[in-house]
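The sequence shown begins at 204 in our numbering and counts up one residue at a time.
First up is the structure itself, then whatever we jot down about it.
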Amino acid sequence: MSKKPTENLVLTLLLTAVAAAAGSRRESVIVIGAGISGISTANALYEAGIRDILILEGSSRIGGRMMKAELGGYTVEMGANWFYTGGPLQNPLASLANKTRLRTSLNDDSNITANVYRQEGGLFPKKLVDEVEMAASSTESFCERLSEKLAAMSKTKGVDIDVSVLEAQRLFGNLPSTPLVMVIDYYHNDYEEAEATTVTSLKHTYPRREFKDHGKLSNFVCDSRGFEELVRGLACRFSNRSSQHKILLNKVVKEIFYSERGVGVKLEDGSTYRAKYVVVSVSIGVLQSNLIRFTPTLPMWKMNAISEFDMSVYTKIFLKFPYKFWPTGPGTEFSLYAHSRRGYYPFWQHLENEYPGSNILFVTITSEESRRVEKLSNEAVQREAMDVLRKMYGDRIPNPEQILVPRWSMDRLYKGSYSNWPNGYTKAKHDQLKARVGSVYFTGEHTNSRYLGYATGAYLAGWLPACPLYTI
Numbered sequence: 204m205s206k207k208p209t210e211n212l213v214l215t216l217l218l219t220a221v222a223a224a225a226g227s228r229r230e231s232v233i234v235i236g237a238g239i240s241g242i243s244t245a246n247a248l249y250e251a252g253i254r255d256i257l258i259l260e261g262s263s264r265i266g267g268r269m270m271k272a273e274l275g276g277y278t279v280e281m282g283a284n285w286f287y288t289g290g291p292l293q294n295p296l297a298s299l300a301n302k303t304r305l306r307t308s309l310n311d312d313s314n315i316t317a318n319v320y321r322q323e324g325g326l327f328p329k330k331l332v333d334e335v336e337m338a339a340s341s342t343e344s345f346c347e348r349l350s351e352k353l354a355a356m357s358k359t360k361g362v363d364i365d366v367s368v369l370e371a372q373r374l375f376g377n378l379p380s381t382p383l384v385m386v387i388d389y390y391h392n393d394y395e396e397a398e399a400t401t402v403t404s405l406k407h408t409y410p411r412r413e414f415k416d417h418g419k420l421s422n423f424v425c426d427s428r429g430f431e432e433l434v435r436g437l438a439c440r441f442s443n444r445s446s447q448h449k450i451l452l453n454k455v456v457k458e459i460f461y462s463e464r465g466v467g468v469k470l471e472d473g474s475t476y477r478a479k480y481v482v483v484s485v486s487i488g489v490l491q492s493n494l495i496r497f498t499p500t501l502p503m504w505k506m507n508a509i510s511e512f513d514m515s516v517y518t519k520i521f522l523k524f525p526y527k528f529w530p531t532g533p534g535t536e537f538s539l540y541a542h543s544r545r546g547y548y549p550f551w552q553h554l555e556n557e558y559p560g561s562n563i564l565f566v567t568i569t570s571e572e573s574r575r576v577e578k579l580s581n582e583a584v585q586r587e588a589m590d591v592l593r594k595m596y597g598d599r600i601p602n603p604e605q606i607l608v609p610r611w612s613m614d615r616l617y618k619g620s621y622s623n624w625p626n627g628y629t630k631a632k633h634d635q636l637k638a639r640v641g642s643v644y645f646t647g648e649h650t651n652s653r654y655l656g657y658a659t660g661a662y663l664a665g666w667l668p669a670c671p672l673y674t675i
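What follows is the structure, encoded as structure tokens:
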């Protein structure tokens with residue numbers, strides 16, 4: 204990236220402070236979390252000349268919400284799965300993917316309007332769906348224009364003016380009401396933000412900067428090493444446990460003590476580590492859960508900024524079958540299921556392009572449906588999913604051989620999939636969200652207002668342009 208993201212300013216101050224002090228005495232930094240943000244932060248510190256770095260990771264692996272799993276001999280991504288290219292700016296994740304020779308497949312949803320199923324079975328006529336899609340695209344264009352007007356008004360008046368995405372749709376006169384219109388709207392909105400349009404900020408969502416900057420070519424990771432291989436590549440210099448810069452796994456942070464003299468980090472195993480600074484890269488969901496206690500308690504402005512932001516849930520349910528019973532070939536990769544209950548098993552994708560002969564389908568659900576399904580047993584989830592598939596493809600289809608159901612919101616180390624900007628949450632409040640408190644700094648995709656919720660945002664939130672640091 205040729206332009207330094209403004210989101211990284213506070214961490215630049217951290218790096219500058221550490222680097223300036225390094226000439227007189229050794230300073231140390233603890234990074235909490237070994238996801239892509241935490242590892243990127245550690246790399247930035249290292250490139251700035253800081254060597255006394257300790258990364259504490261609560262799980263047994265590196266990668267955070269870039270997490271792979273095995274299903275019937277194939278690697279699937281339970282969390283982050285895509286990066287985007289084809290835009291005016293180079294996506295840094297694409298560069299990392301090229302460096303690690305990550306295997307990807309370009310998704311093609313250009314024919315999705317031919318694959319939209321009615322609630323009781325049978326396809327909607329493509330011509331009808333095309334009309335609904337055109338209306339949804341027009342609504343999206345209106346939302347972008349309105350968002351830009353609201354941003355200009357906010358700047359002129361000095362007040363943060365915003366509406367929800369649903370309110371913008373109402374202003375345009377295109378409120379989703381029928382199952383078909385709802386599922387197309389879901390595809391345009393919930394599928395990206397993993398939250399309902401009723402709660403999502405218009406101004407801080409539209410236009411989607413990830414697509415405007417990096418493009419809409421959807422690179423689907425299908426590598427046996429997993430998307431997390433990018434993070435492992437970045438973390439290689441920290442893999443030596445005997446060096447002064449290292450990663451320790453299975454280290455769940457219980458409490459952070461901080462003062463002008465530095466920080467102490469207490470773990471659940473009873474051990475304590477001390478440093479001059481700490482960088483907290485856990486998700487906004489974890490911060491909201493109080494898994495980590497801060498002593499003294501964080502100031503009220505910080506606690507409010509954390510509690511009022513949103514952590515969304517994006518769930519991909521994978522099913523491995525004994526044989527294919529769905530269409531394959533060009534134009535069949537994606538299918539939609541239009542149910543009267545918005546978001547009920549709506550978005551289906553097969554993996555025959557990525558893994559020929561794998562016989563794997565997965566369905567994406569989000570938000571409250573994700574939270575509901577997470578509480579069910581795998582057997583109950585399978586029954587619901589198969590009821591939908593039998594409506595789509597007939598009663599004679601087989602049951603799956605295996606099912607994989609991620610439960611992100613129930614995992615205490617993640618508490619969700621990624622953040623979403625809620626309506627009414629101001630830029631000033633977000634500045635407080637990413638602001639430091641004494642010697643405690645914060646990073647993660649939730650701190651990157653431009654690429655919020657995307658893996659690109661997580662990477663850039665942690666990795667800082669080094670130009671102001673190497674001259675120190």
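Backbone N, C-alpha and C define an ideal beta-carbon position, used for all residues, glycine too.
As assigned by DSSP and simplified to three states, the class of ALA402: The identity of residue 402 in the sequence shown is Val, whereas the question assumes Ala. The answer is coil: DSSP assigns VAL402 none of H, G, I, E or B.
Exposure of GLY546, with buried meaning 16 or more beta-carbon neighbours within 10 Å: Buried, because 16 or more other Cβ atoms sit within 10 Å of the Cβ of GLY546.
LEU309 classed as buried or exposed, judged by whether at least 16 other C-beta atoms fall within 10 angstroms: Classification of LEU309: exposed, given that the 10 Å Cβ count is below 16.
DSSP state of ARG599 mapped onto helix, strand, coil: Note: ARG599 maps to coil in three-state DSSP.
8 angstroms contact criterion, which LYS618 and SER492 should meet: CB distance rounded: About 5 angstroms separates the Cβ atoms of LYS618 and SER492, confirming a contact at the 8 angstroms cut-off.
Local conformation of GLU471 per DSSP, three classes: Note: GLU471 maps to coil in three-state DSSP.
Burial state of THR401 (16 or more Cβ within 10 Å): Around the Cβ of THR401, a 10 Å sphere holds fewer than 16 other Cβ atoms; the residue is exposed.
Inter-stretch contact (C-beta, 8 angstroms, three-pair minimum) for the region 341–349 and the region 293–307: Touching, no.
Three-way DSSP call (helix, strand, coil) for GLU458 in this model: Here GLU458 carries a strand assignment [DSSP, helix/strand/coil].
beta-carbon VAL485 near the ligand ATP non-hydrogen atom, thresh 7 angstroms: Absence of the ligand ATP is noted for the structure shown, with no ligands found whatsoever.
Per-residue burial, ARG615 [other beta carbons within 10 Å of its own, 16 or more giving buried]: ARG615 sits exposed, since fewer than 16 C-beta atoms from the chains shown fall within 10 Å of its C-beta.
Residues of its chain near ASP312, where Cβ-Cβ distance is below 8 angstroms and the 5 sequence neighbours each way are ignored: Close CB contacts of ASP312 within its chain, under the 8 angstroms cut and outside five residues either way in sequence, are with SER421, GLU536, PHE537 (chain order).
8 angstroms Cβ cutoff met for LEU522 and ILE568: In this structure, LEU522 lies away from ILE568, with their beta-carbon atoms at least 8 angstroms apart.
Touching by the beta-carbon criterion (3+ pairs, under 8 angstroms), the region 504–517 and the region 549–563: A contact between stretches requires three or more CB pairs, one per stretch, nearer than 8 angstroms, and the region 504–517 fails this requirement with the region 549–563.
Beta-carbon proximity list for GLY226, same chain, < 8 angstroms, skipping 5 on both sides: Reliability fails at GLY226, whose pLDDT of 37 lies under 50, so the model's placement of it is uncertain and the value that follows must be treated cautiously. Same-chain partners within the cutoff: there are none.
Test item: CB-CB of THR646 and PRO295 under 8 angstroms: Contact: no.
Option in ILE239, ILE387, ALA355 with minimal Cα separation from TYR431: With the sequence shown as reference, residue 431 is identified as Glu, and Tyr is not the correct amino acid for it. For the set ILE239, ILE387, ALA355, the Cα lying nearest the Cα of GLU431 is the one of ILE239.
As assigned by DSSP and simplified to three states, the class of ARG575: Note: ARG575 maps to helix in three-state DSSP.
Inter-residue Cα distance where the pair is HIS633 and PRO601: Each residue's Cα considered, the two are about 49 angstroms apart.
Extent of the continuous alpha helix (DSSP H) to which MET337 belongs: That run of the alpha helix (DSSP H) goes 329–360.
Contacts around ARG228, its chain only, beta-carbon distance under 8 angstroms, and the 5 residues preceding and following it disregarded: Per-residue confidence for ARG228 stands at a pLDDT of 34, beneath the threshold of 50, marking its modelled position as unreliable; no derived number is given.
Nonlocal neighbours in the same chain, by C-beta distance under 6 angstroms from GLY627, ignoring five residues either side: Taking C-beta separations shorter than 6 angstroms and ignoring five residues to either side along the sequence, GLY627 has no partners in its chain.
Range covered by the beta strand (DSSP E) that runs through ILE563: Bounds of the beta strand (DSSP E) holding ILE563 are 563–569.
Opposing strand residues paired with LEU451 [DSSP bridges]: Beta-bridge pairing links LEU451 to LEU259.
In DSSP terms, what GLN605 is bridged to: By DSSP's assignment, GLN605 forms a beta bridge with LYS523.
Beta-carbon separation (whole angstroms), PHE524 vs PRO603, contact threshold 8 angstroms: Right, the Cβ-Cβ distance comes to about 5 angstroms (below 8 angstroms), so this counts as a contact.
Residues of its chain near CYS346, where Cβ-Cβ distance is below 7 angstroms and the 5 sequence neighbours each way are ignored: Cβ neighbours of CYS346 beyond the five flanking positions: VAL368, ALA371, LEU405, TYR409.
Three-state class that DSSP yields for ALA541 in the structure shown: DSSP places ALA541 in coil when its eight states are reduced to three.
Cβ neighbour criterion (16 or more within 10 Å) applied to ASN623: ASN623 comes out buried.
8 angstroms Cβ cutoff met for ARG482 and THR650: The residue asked about is misnamed: residue 482 is Val in this sequence, not Arg. No, Cβ-Cβ distance for VAL482 and THR650 is not below 8 angstroms.
For MET514, three-class secondary structure by DSSP: Three-state result, MET514: strand.
Residues that HIS199 bridges to, as DSSP identifies them: Nothing about residue 199 can be read from this structure; the chain reaches only from 204 to 675.
Residue(s) in a DSSP beta bridge with TYR389: Answer is none; TYR389 lacks a bridge partner.
Secondary structure of GLY226, DSSP reduced to three states: Summary for GLY226: the model assigns pLDDT 37, below 50, so the residue's position carries little reliability, and this model does not support an answer.
Distance between PHE375 and THR500 (C-alpha atoms, nearest Å): Rounded to whole angstroms, the separation of the alpha carbons of PHE375 and THR500 is 45 angstroms.
Minimum C-alpha distance to HIS407 - residue among ILE387, SER474, TYR394, LYS352: It is LYS352.
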